[in-house]
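For the sequence shown, counting from 1, position 115 maps to 114 in numbering that gives the first Met the number 0; every step adds exactly one. Quick notes on the structure that follows.
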Amino acid sequence: MATWSAPGKVFLFGEHAVVYGKPGVAMAIKPRVAVTVRRVKNPAPVRSPYIDECFRSTGVQGSVYIRSQLPSSSGLGSSAAVTTATLAAISDEFGLGFTKDEIAERAFAIEKKVQNGRASPTDTYVTTFGGIVLISRGSKRRLPPQSLHLVIGNTLVPHSTAKMVEHVAQMHQKHPAIVNPILDSIGAVTTQAIKCMNKPQQLGHCMDVNNALLEALGVGHPALSKLVLTARAAGAFGAKITGAGGGGCMVALCPKHAKSRVAGAMDATGAKSIITTIDTTGIRKEKDG
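Structure below.
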């Protein structure tokens, strides 16, 4: 048997705007999904559409055991992590020899198929390679790693990425004169953020501005707003929605000494906090058993 794991991810800047050609920045985070694959003659039928498609696309049969530190459907890239870790474990167990590039490409194709064409290559790329990734007009480039102290707040409010993307698309179609300047501003904030990645206070301010622009696009939620304001009041440099919005998660950039205080303040509202930082490894082989 072979066991591989893959990290989750947060969008630091530029979500939604990347759909319209603006730059975005995503980062792999420490919480992981571990997948163990074992050869068997008669595998169990339906597991998850992502895992089933991993086996179908590679033409092999096996059993799967998953251990996850990532909440599902929260915007933290859990499906991408499951898909890339499963492909890596299949490649290892069956000697297929996939490179990281091949795993990222195959995982994106699987996500795209399962999600009816709405998947982004960002999640599978970030979870495969780790680090901080700049997405710009379809190209992806790893940025120098930074020691960013983050606290993620999960509102526990279900949300649909597809619905949020569709909402922005409709706004864009109906009110281009309003929405285009907002998207341009999100792109400008992302560009500015890249220049101050090692200056936490300035970076936090960029997160605050990005959050306001996302709310202007209509992808906010009262539970997200509450957590953003709670994090700032507890000492975060800045905080914002991460991912599609409409529920799911937000992320706060914190001074190292304030992480626990910010997390505790979030938990006190009924949310679930995760204290984390950058993962620079991406997919990796784990000890079996």
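Glycine included, C-beta positions come from ideal geometry on N, C-alpha and C. Keep in mind the model is a prediction, meaning the values are calculated, not measured.
Among the options, whose alpha-carbon lies nearest the alpha-carbon of residue i?
i                 : options                           : result
cysteine 205      : Arg37, Ala25 and Ala238           : Ala238
threonine 57      : Val24, Arg31, Gly13 and Phe97     : Phe97
leucine 213       : Val113, Thr82 and Gly246          : Gly246
histidine 15      : Gly263, Leu216, Ala222 and Met249 : Leu216
serine 272        : Phe236, Gly137 and Val227         : Val227
phenylalanine 159 : Met265, Met26 and Leu75           : The question names phenylalanine, but residue 159 is serine in the sequence shown. Looking at the Cα atoms, Leu75 is the closest of the given residues.
valine 150        : Ala251, Ser138, Ile185 and Gln172 : Ala251
arginine 38       : Glu52, Cys195, Ala1 and Ile65     : Ala1
glutamate 101     : Gln114, Gly7 and Phe128           : Phe128
histidine 220     : Ala243, Glu104, Phe107 and Gly7   : Ala243
tyrosine 64       : Trp3, Leu142, Ser90 and Val208    : Trp3
Alpha carbon to alpha carbon, what distance is there between residue j and residue i?
i                : j              : result
arginine 283     : isoleucine 177 : 44 Å
glycine 309      : lysine 40      : Absent from the structure is residue 309, since the part of the chain shown begins at 0 and ends at 288.
lysine 29        : threonine 241  : 16 Å
aspartate 278    : isoleucine 193 : 18 Å
phenylalanine 54 : glutamine 60   : 6 Å
threonine 83     : alanine 211    : 33 Å
alanine 262      : glutamate 285  : 29 Å
serine 224       : threonine 154  : 10 Å
lysine 112       : alanine 161    : 14 Å
asparagine 115   : isoleucine 109 : 10 Å
threonine 275    : glycine 23     : 20 Å
glycine 269      : glycine 94     : 46 Å
lysine 198       : serine 62      : 46 Å
The beta strand (DSSP E) with residue i in it runs from where to where?
i           : result
alanine 238 : 237 to 241
lysine 271  : 271 to 275
tyrosine 64 : 61 to 67
leucine 142 : 138 to 142
Which stretch, first to last residue, makes up the alpha helix (DSSP H) that contains residue i?
i             : result
glutamate 110 : 99 to 113
valine 188    : 175 to 194
tyrosine 49   : 48 to 57
leucine 216   : Unbroken run through leucine 216: none, as it is neither H nor E.
valine 81     : 77 to 93
Round the Cβ separation of residue i and residue j to the nearest angstrom and send it over; I've been treating them as touching at under 8 Å.
i            : j             : result
alanine 80   : threonine 121 : Actually they do not touch by this definition, with Cβ atoms about 13 Å apart.
threonine 35 : alanine 88    : 7 Å
valine 32    : serine 77     : 6 Å
arginine 105 : glycine 20    : Not a contact, Cβ separation roughly 25 Å.
Which one or two residues does DSSP pair with residue i in a beta bridge?
i             : result
glutamate 285 : Thr2
arginine 31   : Pro6
glycine 152   : Met249 and Ser272
alanine 25    : Phe10 and Val132
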